[in-house]
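>
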Amino acid sequence: MEVYADVLVILNYVVNLLCLLAAGKLLGRVVPRWRLCTAALLGGLGSLSIFLPLPSWGWLVLKPALTLGMTACAFGFGTGRRFLHALGAVLAVSFLFAGVLLALYLFLPPAGMLFYNGTVYFDLSPLSLLAGVAAAYLLVRLADRFLVGRRAKGLLYDLTLWRAGRRVTLKALADTGNRLQEPFSGAPVIVCDGSLVERLWPPGEEVPFRVIPFQTVAGEGALRGFQPDGILLQGPQLHVETRDVYIAASPKPLAGAFQAILNPQLVERQGDFYVRG
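Count along the sequence shown from 1, add 3, and you get the number used in this note's numbering.
#1: Count the other C-beta atoms from every protein chain shown that fall within 10 angstroms of the C-beta of Pro231, then say buried if there are 16 or more, exposed otherwise.
#2: Looking at C-alpha atoms only, which residue of Trp204, Gly83, Arg38 and Ala25 is the closest neighbour of Leu99?
#3: Out of Arg182, Thr179 and Thr163, point me to the one whose CA is closest to Gly238's CA.
#4: From which residue to which residue does the alpha helix (DSSP H) around Leu48 run?
#5: Within this structure, are the beta carbons of Ile234 and Cys195 separated by less than 8 Å?
#6: Over the uninterrupted beta strand (DSSP E) stretch that includes Ser253, give me the two end residues.
#7: List the DSSP bridge partners of Arg227.
#8: May I ask you to list the residues that DSSP assigns as paired with Gly180?
#9: Within the continuous beta strand (DSSP E) that includes Leu55, where are the two ends?
#10: Leaving out five residues on either side along the sequence, give the residues of the same chain with a beta carbon under 8 Å from the beta carbon of Thr74.
#11: Run the CB neighbour count on Pro191, radius 10 Å, all protein chains shown included, and call it buried at 16 or more, exposed below.
#12: When you compare only the Cα positions, how much space is there between Trp204 and Arg38?
#13: Taking buried to mean at least 16 other C-beta atoms within 10 Å of its own C-beta, is Gly207 buried or exposed?
#14: Restricting to Cα atoms, I'd like to know which of Val270, Leu176 and Leu226 is closest to Asp247.
#15: State the start and end residues of the unbroken alpha helix (DSSP H) segment that holds Leu20.
#16: Quick one, are the C-beta atoms of Gly228 and Glu185 less than 8 Å apart?
#17: Start and end of the beta strand (DSSP E) containing Gly259?
#18: Using DSSP bridges, identify the partner residues of Trp204.
#19: On the DSSP bridge list, what partners appear for Val174?
#20: Using CA coordinates, which residue listed in Val12, Leu69, Pro58 and Arg166 is at the minimum distance from Pro211?
#21: Quickly, what does DSSP pair Asp196 with across the bridge? List them, please.
#22: Does the distance from the CB of Gly46 to the CB of Leu69 come in under 8 Å?
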């Protein structure tokens, strides 16, 4: 089989990017998109190693080194515990993906498929490659939409926000209708009553914010969001403390028994700072 280096790199870049996105979801951690793309590119370039005449021990050194490098590039080193958690998530997703591909290669090999030392190659046209990437992305999005938030729906939680020494405590509703994410980091967004958000800012201080687009049945718009110093979310068998979140002020007062609407990711997923009671 003829293997084209450009298709090999692009295909493995996409595969690594999807694996890293899945690992980030498992960790519940906010990861800048540029870090994920850089780590995936490292893995894509590493796929060129199949052209090297490496001995068996060479693969035993190269593959772990690539995995460590990709994990550090995507999620950073941080503390040893955080890095080990990230490494475990990357390995779990990678092993699952490799197992599926190996089973496909052994029992139902598609024409033009090559699977060698963890590197995958399909003899595809550019159009077929783009279609496959789009399909994989849609599957990830659909799984995220339908598998997250079922248990959290309709429950109220105690939420504490803090920034620059100021704290606000309020009731928060977990609502599967809130799928908002900060577009650059992918961090889940909590929509809070605007009057309570203002209490986190000293009078006259300029507010650095991110624009968070949203869409409802009534139309489209944008919210102004910021990253707090931290939040504490508590409820039945749940104790979550994290900074990997954005707070957006609701343009209208939130009426009822709650003053904030949670993205259910915060309840369903556990990151390094998430501790379930």
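Every residue, glycine too, gets a C-beta built ideally from N, C-alpha and C.
Well, looking at it:
#1: Residue numbering aside, residue 231 sits at position 228 when the sequence shown is read from its first letter. That one is buried.
#2: As a first step, residue 99 is located in the sequence shown; it is residue number 96 there, counting from the start. Among Trp204, Gly83, Arg38 and Ala25, the Cα nearest to that of Leu99 belongs to Ala25.
#3: Here residue 238 corresponds to residue number 235 of the sequence shown, with the count starting at 1. Cα-wise, what sits closest to Gly238 is Thr163.
#4: Numbered from its first residue, the sequence shown carries residue 48 at position 45. Segment Arg36 to Gly49, the alpha helix (DSSP H) holding Leu48.
#5: In the sequence shown, counting from the first residue as 1, residue 234 sits at position 231. In the sequence shown, counting from the first residue as 1, residue 195 sits at position 192. No, they are not a contact pair.
#6: For the purposes of this step, residue 253 is identified with residue 250 of the sequence shown, where counting begins at 1. Tyr249 to Ser253 is the extent of the beta strand (DSSP E) around Ser253.
#7: As a position in the sequence shown, residue 227 is number 224, starting the count at 1. Answer is Val214.
#8: Indexing the sequence shown from 1 puts residue 180 at position 177. DSSP lists no partner for Gly180.
#9: Within the sequence shown, the letter at position 52 stands for residue 55. Run containing Leu55: none; DSSP gives neither H nor E here.
#10: In the sequence shown, residue 74 corresponds to position 71, counting from 1. So the qualifying residues of the chain are Ala42, Phe86, Ala89, Leu90 and Val93.
#11: Taking the first residue of the sequence shown as 1, we reach residue 191 at position 188. So Pro191 ends up on the buried side.
#12: If you number the sequence shown from 1, residue 204 lands on position 201. If you number the sequence shown from 1, residue 38 lands on position 35. Computed Cα separation, rounded: 30 Å.
#13: By 1-based counting over the sequence shown, the position of residue 207 is 204. So Gly207 counts as exposed.
#14: Indexing the sequence shown from 1 puts residue 247 at position 244. Selected option, being the one with the closest Cα: Val270.
#15: Locating residue 20 in the sequence shown gives position 17, counting from the first residue. Ala8 to Leu30 is the extent of the alpha helix (DSSP H) around Leu20.
#16: As a first step, residue 228 is located in the sequence shown; it is residue number 225 there, counting from the start. As a first step, residue 185 is located in the sequence shown; it is residue number 182 there, counting from the start. Yes, these two residues count as a Cβ contact at 8 Å.
#17: Counting from one through the sequence shown, the residue named residue 259 turns up at place 256. Looking at the DSSP string, Gly259 is not in any beta strand (DSSP E), and its letter there is neither H nor E.
#18: As a first step, residue 204 is located in the sequence shown; it is residue number 201 there, counting from the start. DSSP output for Trp204 lists no bridge partner at all.
#19: Along the sequence shown, one-based indexing puts residue 174 at 171. Residue identity check: residue 174 is Lys in the sequence provided, not Val. Looking at the DSSP assignment, Lys174 forms a beta bridge with Asp161.
#20: Reading the sequence shown from its first residue, position 208 is the one you call residue 211. The candidate whose alpha carbon is nearest that of Pro211 is Arg166.
#21: Taking the first residue of the sequence shown as position 1, residue 196 is located at position 193. The partner list for Asp196 (beta bridge, DSSP) reads Ser253.
#22: For the purposes of this step, residue 46 is taken as residue 43 along the sequence shown, with counting starting at 1. For the purposes of this step, residue 69 is taken as residue 66 along the sequence shown, with counting starting at 1. Closer than 8 Å, so yes.
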